[in-house]
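S.K.: Just so you know, we're using the working numbering here: the sequence shown kicks off at 63 and counts up by one.
Each residue gets a CB set at the ideal place from its N, CA and C atoms; glycine is no exception.
These numbers were taken from a predicted model, which means no experiment stands behind them.
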Amino acid sequence: MPHRNRPAGKAPASKANAAHPANAGAVDAKSQSLETFRAHADGEALRTNQGVKIADNQNSLRAGPRGPTLLEDFIMREKITHFDHERIPERIVHARGSAAHGYFQVYESQARLTRADFLQDPAKTTPVYVRFSTVQGPRGSADTVRDVRGFATKFYTDEGNFDLVGNNVPVFFIQDAIKFPDFVHAVKPEAPDEMPTGGTAHDTFWDFVSLVPESAHTVIWAMSDRAIPKSLRTMEGFGVHTFRLIDAKGHARFVKWHWRPVLGSYSLVWDEAQKIAGKDPDFHRRDLWEAIERGDYPEYELGVQIIEEADEHKFGFDLLDPTKLIPEELVPVQLIGKMTLNRNPDNFFAETEQVAFHPGHIVPGIDFSNDPLLQGRLFSYTDTQISRLGGPNFHEIPINRPVCPFQNNQRDAMHRQTINVGQASYEPNSVGEGWPKETPPKDGGFESYQERMDGAKVRVRSESFADHFSQATMFYQSMSEPEKAHILAAYSFELGKVKRTEIRERVVNEILVNIDADLAAQVAKALGLSKPKAGRKPGKPHPASSPALSLLNRVKPGIATRKIALLSAPGADGATLKQLRDAFAKEGATALLIAPTLEPIDGLAPDATLAGMPSVMFDAVFIPGGEKAAQALVQSGDARHFVNEAFKHLKAIAAVDTGRLLLAAAQLPDHADGVVQGDAADLKRVIDAFIEAAGQHRIWSRAALAESVPA
Ligand code: HDE
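(1) I think PHE709 touches ILE626, with their Cβ atoms under 8 Å apart; what is that distance to the nearest whole Å?
(2) On the criterion of 16 or more Cβ atoms from any shown chain inside 10 Å, does ALA284 qualify as buried, or is it exposed?
(3) Please specify which runs of the beta strand (DSSP E), each continuous and at least 3 residues long, are wholly inside the region 290-326, giving them in chain order.
(4) Answer yes or no: do ILE308 and ILE398 have a C-beta to C-beta separation smaller than 9 Å?
(5) If PHE527 and GLN237 are in contact, beta carbons under 8 Å, what's the gap, nearest whole angstrom?
(6) Quick one: grab the DSSP three-state call for ILE788.
(7) Output the distance between the C-alpha atoms of ALA583 and LEU589, rounded to the nearest integer angstrom.
(8) Do VAL465 and SER95 have their CB atoms nearer than 9 Å?
(9) What are the boundary residues of the beta strand (DSSP E) that ILE715 is part of?
(10) Using CA atoms only, rank isn't needed, just tell me which of LEU557, LEU655, PRO502 and ARG616 is closest to SER630.
(11) Can you tell me which residues form a DSSP beta bridge with VAL678?
(12) Can you pull the DSSP bridge partners for ILE761?
(13) Report yes if the C-beta distance between LEU724 and VAL705 is below 9 Å; otherwise report no.
(14) Is any beta-carbon of chain D found at less than 9 Å from that of GLU391?
(15) With a cut-off of 8 Å, do at least 3 Cβ pairs link the region 219-230 to the region 289-306?
(16) Which residue's Cα is closest to the Cα of LYS216: ALA103, PHE410, ASP244 and ILE461?
(17) Would you kindly report the start and end of the unbroken alpha helix (DSSP H) that includes LYS546?
(18) Exposed or buried, what is GLY757 when buried is set at 16 or more other beta-carbons lying within 10 Å of its beta-carbon?
(19) To the nearest angstrom, how far is the alpha carbon of ALA263 from that of LEU364?
(20) Let me make sure I understand the geometry here. Which of VAL249, GLU221, SER293 and LEU712 has the alpha-carbon closest to that of THR206?
(21) Can PHE419 and ARG722 be called in contact, C-beta distance under 9 Å?
(22) Could you check where the beta strand (DSSP E) with MET793 kicks off and where it finishes?
(23) So, is ASN406 buried or exposed, given that buried needs 16 or more other C-beta atoms within 10 angstroms?
(24) Where do the N-terminal and C-terminal ends of the beta strand (DSSP E) with ALA335 fall, by residue?
(25) Measure the CB-CB distance between GLU140 and GLN112 and report whether it falls below 9 Å.
(26) So within the region 613-675, which uninterrupted beta strand (DSSP E) runs reach at least 3 residues, ignoring any that extend past its ends?
(27) Between HIS375, GLN693, ALA765 and LYS618, which has its C-alpha nearest ASN324's C-alpha?
(28) Is TYR553 buried or exposed, if buried means 16 or more other CB atoms sit within 10 Å of its CB?
(29) Taking ILE424 as the reference, give the member of GLN479, ALA596, PHE180 and PRO498 with the closest Cα.
(30) Skipping 5 residues on each side, what residues in its chain have a beta carbon closer than 6 Å to that of HIS156?
(31) Mind listing, in chain order, the continuous beta strand (DSSP E) runs of no fewer than 3 residues lying wholly within the region 206-249?
(32) For the candidate residues ALA289, GLU489, MET401 and ARG450, whose alpha-carbon lies nearest to that of GLN469?
(33) CB LEU557 to CB TRP332, shorter than 9 Å?
(34) Identify the residues that DSSP records as bridge partners of HIS163: which are they?
(35) Is there at least one non-hydrogen atom of ligand 1 closer than 8 Å to the beta-carbon of HIS320?
(36) Assuming ASP433 and HIS303 form a contact by the criterion Cβ under 8 Å, report the distance between their Cβ atoms to the nearest whole angstrom.
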């Protein structure tokens with residue numbers, strides 16, 4: 063049906079994408095495979111699903127102008143019936159998500175580790191589709207809630223799809239899949255009133271985790287800044303479980319997967335995260351979409367930690383235990399390739415909503431470990447798609463199809479798209495000359511790693527999974543002072559929302575005391591509880607701390623892709639505003655002109671009003687000055703609030719000339735770190751100092767001072 067389709071080879075890439083060299087290669091593999099399924103209405107007549115042209119799409123068929131509607135109206139019935147069934151069940155967890163297309167390239171052949179085809183040739187680009195998500199909230203919930211984030215990547219390799227279905231924290235709340243429904247029921251909004259949406263600050267979550275000490279390590283990650291990421295573009299990803307890599311000789315090694323954003327990793331501060339949830343619930347989705355449209359393609363390096371099988375037991379914890387991470391200080395992360403996200407989806411439902419990830423989608427050269435959480439996941443992901451996507455043929459949905467052939471003898475079932483030709487739907491067969499045929503492993507057929515198994519059939523938790531606190535202690539000890547303060551504040555905030563005192567007490571006395579006595583004491587104080595009793599003897603993590611875990615060690619210099627507010631008003635000098643825009647653009651940042659109204663400023667149209675794009679949407683603020691402009695800003699409550707909030711959220715601020723009046727009007731301290739001031743003649747110096755300060759992401763040395771400023 064050629065009328066439905068865009069002419070071959072003309073993928074609807076955005077302007078920025080069309081120019082990208084990657085579109086000539088790998089991305090086109092998936093893009094072209096989607097091409098058959100894309101429908102474009104340009105120049106087309108409106109028709110029914112049966113192809114009949116529609117003459118009137120405004121009025122249903124009636125018995126007289128004021129009479130009842132006739133059942134005969136097949137056009138209206140078809141339209142409404144289809145509409146009535148437009149929704150499918152959202153994902154049980156990870157319902158809220160945003161995704162993008164891109165490609166992956168390995169830096170050099172990894173043949174020494176794996177035979178996986180997409181990790182052999184640096185010239186090869188493999189198409190990918192990545193979906194980021196929150197865990198707890200429904201599809202329409204806010205992006206910036208405190209939660210673990212999903213980071214799921216589908217590699218469309220020439221040997222089949224490989225899904226790396228990870229999270230933005232390297233550990234998980236439970237050790238055994240059989241506890242997953244319990245955990246999810248506890249974390250989801252509460253049964254009687256379906257509250258709260260998107261967060262863990264409620265009784266059932268804290269009840270569960272207070273009774274399940276194996277959750278302690280992941281809970282402290284969830285209470286850290288990792289759970290309020292600044293952007294999906296700057297978020298780390300982790301495969302969590304230990305997997306295996308298998309080389310061409312069949313030799314296996316353990317592997318932990320990592321994604322490292324090239325721009326570094328950053329978080330929001332809690333007050334900012336909460337405000338953004340109201341001011342722009344689509345904050346992360348918008349940021350990802352706009353960056354790709356601008357041509358600021360998010361990039362992530364793929365990292366591996368490799369452990370020889372002989373070293374399996376040398377860590378003091380079990381590699382099969384998903385509540386443990388391998389400190390980078392013990393096993394360095396080798397960066398082996400890079401993923402670039404360079405194309406936004408065409409259709410949210412068709413692609414992002416219908417994409418079906420599965421940790422069991424692996425390719426030759428990759429295999430599983432016996433992590434009991436992973437083993438359960440291997441069952442769950444196909445099972446959930448069968449009800450969510452309406453049957454076992456979800457692999458035929460365009461976004462889920464491999465780019466390589468996938469012939470087999472499976473047939474029929476709900477929503478079958480393929481018209482299988484021929485008599486043979488079984489194997490062996492002679493009527494189809496035996497096709498499709500098996501492929502021996504040496505020619506690329508998948509062969510499971512022949513791990514030796516010898517054990518009694520038991521329901522037990524291995525003793526080697528028993529230490530639940532040492533790594534939680536290590537994580538806390540690895541944090542900088544501001545990060546520790548945020549963890550304390552997060553436990554205090556969340557537990558403050560818990561109604562049952564006994565649950566709060568249990569978290570402090572059964573969990574926190576075993577992580578850090580001081581943290582436990584401070585949380586107890588914040589909750590008005592009596593001093594906690596002494597905990598167990600603290601575990602001895604090795605190493606005692608892992609600096610790689612602190613986000614402050616993940617900051618990369620520069621302001622590339624950051625958003626800067628130019629706070630101004632009519633009366634300001636257009637040439638100066640342009641000069642500032644250019645100076646920041648040169649560093650890869652975007653400066654937006656923000657003013658009390660949209661009235662042009664010396665010929666320049668403001669990008670948004672102070673109320674429309676408040677300070678929480680920006681990384682830094684620059685106030686260029688101009689007599690009349692400064693007066694207008696000083697008199698604007700929104701403008702005073704804007705700088706005030708930027709100061710409180712530890713963002714770089716610059717004020718030039720009369721722009722400085724706004725700082726005074728907002729009652730900011732005269733001198734503070736990261737607040738750059740100067741005369742008009744000094745503009746160049748102020749710009750340079752501001753860029754330097756904004757490059758630090760947040761001015762942590764200002765934290766104590768910021769406490770005293772009214773919000
Ligand atoms: Fe998932 N998980 N999960 N999970 N998970 C789902 O699959 C499940 C776990 C993760 O963007 C579901 O398609 C079980 C760990 C991501 O579409 C479901 C267990 C990790 C996504 C499911 C886990 C994850 C999911 C819901 C414990 C990090 C979103 C809808 C044994 C390594 C993927 C769906 C996307 C989604 C089951 C634990 C990551 C129900 C049973 C650990 C990123 O199948």
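M.R.: Put simply:
(1) With a Cβ gap of about 15 Å, PHE709 and ILE626 do not count as contacting.
(2) With 16 or more other Cβ atoms within 10 Å, it is buried.
(3) Entirely contained in the region 290-326, the beta strand (DSSP E) runs reaching 3 residues are, in chain order, 305-308 and 314-323.
(4) No, these two residues do not count as a Cβ contact at 9 Å.
(5) Taking C-beta atoms under 8 Å as the contact rule, PHE527 and GLN237 qualify, at a distance of about 5 Å.
(6) A question about residue 788 goes unanswered here, because the residues of the chain that appear run from 63 up to 773.
(7) Those two C-alpha atoms are separated by around 10 Å.
(8) Against a cut-off of 9 Å, the Cβ pair of SER95 and VAL465 comes out as a contact.
(9) Taken as a continuous stretch (DSSP letters only), the beta strand (DSSP E) holding ILE715 covers 714-718.
(10) The candidate whose alpha carbon is nearest that of SER630 is LEU655.
(11) Paired residue(s): none; VAL678 is not in a bridge.
(12) DSSP, once it has assigned bridges, lists no residue as partnering ILE761.
(13) Cβ atoms of LEU724 and VAL705: closer than 9 Å.
(14) Among the chains of the structure shown, chain D does not appear; only one protein chain is present.
(15) Cβ pair count under 8 Å is three or more, so yes.
(16) When only C-alpha atoms are compared, the closest one is ILE461.
(17) Here the alpha helix (DSSP H) through LYS546 covers 543-558.
(18) The residue is buried, with at least 16 neighbouring Cβ atoms inside 10 Å.
(19) Rounded to the nearest angstrom, the two C-alpha atoms are 33 Å apart.
(20) Of the residues VAL249, GLU221, SER293 and LEU712, the one whose Cα lies closest to the Cα of THR206 is SER293.
(21) At the C-beta level, PHE419 and ARG722 stay beyond 9 Å of one another.
(22) Examination of residue 793 is not possible in this model, given that the chain is present from 63 through 773 alone.
(23) When all chains shown are included, ASN406 counts as buried.
(24) Secondary structure note for ALA335: it is in no beta strand (DSSP E), and the uninterrupted alpha helix (DSSP H) holding it is 332-341.
(25) Contact flag set, yes.
(26) Here the runs fully enclosed are 625-629 and 652-657.
(27) First, the residue type needs correcting, since residue 324 is Val and not Asn in the sequence shown. Checking every option, the nearest Cα to that of VAL324 belongs to LYS618.
(28) Under this definition TYR553 is a buried residue.
(29) The shortest CA-to-CA distance from ILE424 to any of GLN479, ALA596, PHE180 and PRO498 is the one to PHE180.
(30) Here the set comprises SER195, VAL197 and GLY212.
(31) Fully enclosed beta strand (DSSP E) runs of 3 or longer: 211-219 and 222-229.
(32) Closest by alpha carbon: GLU489.
(33) The criterion of a C-beta distance shorter than 9 Å is not satisfied by LEU557 and TRP332.
(34) For HIS163, which the question treats as bridged, DSSP gives the partners TYR191 and ARG405.
(35) False, no ligand heavy atom lies under 8 Å from that Cβ.
(36) Yes, ASP433 and HIS303 are in contact; Cβ-Cβ is about 4 Å, under 8 Å.
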